[in-house]
Amino acid sequence: MTRRHAAAILAGALVAGACSLPPVDLEGQKPLALRSTITSANGSRLARLFKENRGLTSIDAVPRFMLDAVLAAEDSRFFSHDGYDVRSIVRAALVNWRTGDVAQGGSTITQQYVKNTFFREPGQTFERKARELRLAVEVEHRYSKREILERYLNTVYFGDGAYGIRAAAETFFGHGVARLSLTESALLAAVIKSPASYDPRDHPRFARERRDYVLGRMADLSFIGTDRSLRAQRMPLGAVPQPSPWATHQPYFVEAVKREVLEEPRLGATPLERERALWKGGLRIRSTLQPKLQKAAQAAASSVLTEPGDPEVALIAIRPRNGEIVAMVGGRDWSESQVNLALGVDGGGSGRQPGSSFKPIVAATALEAGRSFDDTFESSPAQFAFPDGSSWNVQNAEGGSYGMMSLHEAMVRSVNGVYARLAIDLGPAQIATQAQLMGVEADLPAYPSIALGAAEVSVLDMASAYSTLANDGTAIEPTTIRSIRLANGEVIKPDQEETARVLAPGNAYLVTKVLQDVIRRGTGRAAYIGRPAAGKTGTTNDYADAWFVGYTPDLVAAVWVGYPEGRVPMLSVHGTQVLGGTYPAAIWRAFMLEALRGVPHEGFKRPASDLVRVSIDPASGLLAASWCPGKNRTMLRQQVPTEYCPEPVPDPVPTPVPVPSPTPEPVAPEPSASPRPSPSASPAKPSPKPSPDEPKPAPSPDEPEPSPDPSPDESEPNPDQSSSASEPAPDPSPSNTNGGAPAS
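Numbering (the numbering used here), first residue to last: 46 to 789.
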């Protein structure tokens with residue numbers, strides 16, 4: 046028996062054995078691993094995540110050169126066989142018999158697809174080859190030739206971690222499939238046989254020889270002309286020197302996206318299932334990051350603190366109407382530290398004390414409890430003793446005392462004594478609850494000093510809480526994800542928790558009004574941006590944390606400055622004692638000016654849901670009554686007076702003045718008359734005249750007094766219009782700070 050006869054018998058046995066095997070469930074096979082992609086809001090790529098770098102491509106997007114090159118290199122009879130090729134099997138058996146090794150395979154493209162998809166573990170047994178062939182026959186019956194070729198091109202390994210033609214084009218040439226040239230197509234087809242042996246970077250000579258062989262085969266099969274084949278063989282390989290840099294852009298933000306994806310229950314019931322979906326599920330994740338704003342945030346952080354050894358900066362910007370995180374600075378250099386300082390504990394680090402930037406939350410708690418910004422408290426430093434034996438020592442900036450002070454003015458000047466007394470009055474548990482309702486996720490211990498920012502929070506916590514103020518009291522859970530498209534085309538939107546009226550809209554507006562004054566004339570003057578804005582400074586009593594958190598109607602930004610390694614006092618950074626009103630305010634200002642460039646100015650509007658129409662006495666500013674007719678005004682229900690105008694004091698009722706009876710004058714007798722008067726005659730009495738000092742009768746107390754002239758303007762003045770709008774923005778120098786260390 047000749048070798049040829051033996052090889053033919055072996056091939057026949059393989060085919061017969063394959064046909065005797067039971068069918069295979071094609072649909073029940075484990076799906077291929079596909080890479081996931083994260084993009085910014087405008088579609089620019091931020092990262093690719095994969096265990097196998099594979100992306101699916103339609104065969105219609107593959108150039109004809111590429112299809113012909115693969116057929117020439119791997120299976121020229123692909124369109125004429127039924128999934129297996131007996132001639133190829135016999136030829137491979139002869140070569141292997143002669144060499145004594147597996148030097149050549151007889152697999153068709155269909156068989157290779159089956160092996161890549163359903164038999165991923167190595168092995169060359171007769172039974173396995175028979176099973177591959179049996180499944181190849183089923184695949185040929187199930188799919189068209191073009192469908193099989195498309196599946197093959199999306200599964201085959203090209204080397205350097207690239208699975209499928211799409212990843213290969215990007216890895217070796219730095220561009221997409223549609224741009225593949227003839228020589229590039231021939232090179233990719235060449236490496237399929239042995240990706241390690243024909244790697245164009247590691248083994249360029251072997252790669253060229255194999256590529257030129259493929260070009261020659263294409264000419265032999267009349268896919269291209271001989272002259273064109275020869276010209277192409279003279280061309281360089283054209284592979285990029287290094288793999289295309291698919292490195293992650295904005296790694297701090299990307300890590301936040303990955304963390305959120307891994308918490309999405311719709312991607313899997315268990316953490317392991319969600320991890321597989323992220324790394325192998327072919328997710329297309331469109332994030333909320335806006336490149337323009339991200340660039341502005343990074344520029345602001347790096348332009349203010351530029352020297353080696355300077356403190357770190359963390360910044361988060363949020364759209365308050367939908368909770369989208371549009372910019373994030375988690376640290377200076379990802380290669381040096383992978384801790385995301387903007388996320389606190391969730392970013393691998395720790396929380397930081399917010400200082401007085403927490404006071405707006407305390408003020409919101411007070412307003413919700415029925416208090417007013419006009420309420421006054423003693424402002425002096427004090428040591429407060431509690432029933433459990435503990436005490437709390439509260440100091441103001443520079444140790445000053447300012448007597449009785451309103452909550453409004455104490456916010457503007459960041460006076461601790463006032464807000465400490467308010468916190469004791471409200472109760473720390475109520476403050477902690479309000480903070481959590483507004484978006485603070487950190488655990489807040491219920492002790493009074495949280496009112497001055499003693500509890501640790503994240504930058505995201507503070508940005509989220511202030512977003513509730515900017516969003517008229519509605520809290521929206523922040524997100525880094527706009528949508529997730531699954532491999533099957535289904536789209537998932539983030540399931541954000543939204544809670545209306547965690548703070549009455551009118552109360553949110555009143556807090557905003559006061560925080561506008563903080564920027565106009567208070568501790569946040571260095572954050573002035575020439576348009577309506579509200580914000581608050583924060584500095585811890587050891588100068589280890591400095592904050593500025595502020596917002597316009599459509600953008601919130603929180604800035605933290607400090608040393609991540611611990612509580613390091615920032616007593617002299619570039620010669621400046623770092624307070625919330627210095628570098629943090631300057632960074633916030635630089636970011637907002639660039640982020641809002643070209644955006645129309647918009648003021649804060651009174652929420653319509655809390656507006657009421659009432660009649661106000663112009664003289665007293667109190668509710669009008671029947672005795673003091675008023676003018677109709679539209680105002681927040683929180684600002685409606687609770688008392689009526691004073692009732693007029695009635696004039697005293699006049700006491701009658703007695704008038705003496707006149708003395709009759711004697712009448713001289715007439716000579717002829719009788720000296721005795723007639724009995725019917727009586728002397729005439731004059732009518733009494735009123736005294737010139739006698740008071741006139743007072744009107745009845747129920748009689749209304751005449752109404753004063755109406756005011757020319759019945760509408761309430763716009764509180765957002767202030768002459769301070771023309772105040773020049775101060776430099777971030779110590780003279781523009783909040784004036785002291787203790788939690789300012």
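Every residue, glycine too, gets a C-beta built ideally from N, C-alpha and C.
| Check | Outcome |
| --- | --- |
| Secondary structure of Gln-383, DSSP reduced to three states | coil |
| Integer Cβ distance of Asn-98 from Ala-207, believed to fall under 8 angstroms | 5 angstroms |
| Closest Cα partner of Val-613 within the set Asp-272, Met-637, Asp-590 | Asp-590 |
| Alpha-carbon to alpha-carbon, Ser-242 and Asp-205 | 12 angstroms |
| Cβ-based neighbour list, Gly-270, same chain, cut-off 8 angstroms, excluding 5 preceding and 5 following | Ala-264 |
| Leu-231 burial status per 10 Å Cβ neighbour count (16 or more: buried) | Note on identity: in this sequence residue 231 is Ala, with Leu being the wrong assignment. It counts as buried. |
| Residues near Pro-465 in its chain [Cβ-Cβ closer than 6 angstroms; skip 5 each side] | The sequence given here places Ala at residue 465; Pro does not occur at that position. Excluding sequence neighbours, Ala-465 sits near Val-439. |
| Exposed unless 16 or more other CB atoms sit within 10 angstroms - verdict on Asn-385 | buried |
| Beta-carbon proximity check, Ile-83 vs Leu-101, cutoff 9 angstroms | no |
| Sequence-distant residues of the same chain with beta carbon closer than 7 angstroms to Pro-598, five excluded per side | Ala-515, Glu-647, Phe-649 |
| Local Cβ density within 10 Å of Ser-425, reported as buried at 16 or more and exposed below that | buried |
| Through-space distance from Ser-395 to Met-507, alpha-carbon basis | 14 angstroms |
| Inter-residue spacing [alpha-carbon to alpha-carbon] between Gly-620 and Val-349 | 13 angstroms |
| Reduced DSSP category for Gly-583 - H, G, I as helix; E, B as strand; rest coil | strand |
| Three-state secondary structure (DSSP) of Glu-119 | helix |
| Closest residue to Pro-240 among Ile-363, Arg-256, Leu-227 (Cα-Cα distance) | Arg-256 |
| Test item: CB-CB of Leu-452 and Ser-402 under 9 angstroms | no |
| Per DSSP, cross-strand counterpart(s) of Tyr-689 | Leu-668 |
| Proximity below 9 angstroms, CB of Leu-571 to CB of Gly-595 | As written in the sequence, residue 571 is Ala, which differs from the Leu given in the question. Contact flag unset, no. |
| Ile-521 in three-state terms, based on DSSP | strand |
| Whole-number beta carbon distance between Thr-582 and Gly-625, since they are thought to touch under 8 angstroms | 3 angstroms |
| Straight-line gap, Leu-412 to Gly-434 (C-alpha atoms, nearest Å) | 30 angstroms |
| Validate contact between the region 334-345 and the region 356-373 using beta carbons, cut 8 angstroms, 3 pairs | yes |
| Run of the alpha helix (DSSP H) containing Gln-561, from where it starts to where it stops | 550-566 |
| Cβ neighbours of Lys-190 in the same chain (closer than 8 angstroms, five flanking residues each side left out) | Phe-123, Phe-124 |
| Sequence-distant residues of the same chain with beta carbon closer than 6 angstroms to Glu-759, five excluded per side | Unreliable placement is indicated for Glu-759, whose pLDDT of 32 sits below 50; the coordinate value is still reported in the next sentence. Once the five neighbours on either side are set aside, the close Cβ partners of Glu-759 are Lys-676. |
| Between the CA atoms of Met-680 and Leu-307 - distance to the nearest angstrom | 47 angstroms |
| Residue of Leu-225, Asp-127, Thr-524 minimising C-alpha distance to Val-182 | Asp-127 |
| Alpha carbon of Val-302 to alpha carbon of Ile-537, nearest angstrom | 14 angstroms |
| Range of the contiguous alpha helix (DSSP H) that encloses Lys-337 | 336-349 |
| First through last residue of the beta strand (DSSP E) which encompasses Gly-607 | 600-607 |
| Where the beta strand (DSSP E) containing Val-204 begins and where it ends | Per the sequence shown, residue 204 should be read as Gly rather than Val. From DSSP, the beta strand (DSSP E) with Gly-204 extends over 202-204. |
| CA-to-CA distance, Leu-656 to Pro-663, given in whole angstroms | 19 angstroms |
| Separation of Gln-287 from Arg-546, as counted between CA atoms | 55 angstroms |
| 6 angstroms CB neighbourhood of Leu-328 in its chain, flanking five on each side removed | Ser-81, Ile-529 |
| Beta-bridge partners of Arg-366, as assigned by DSSP | Beta-bridge pairing links Arg-366 to no other residue. |
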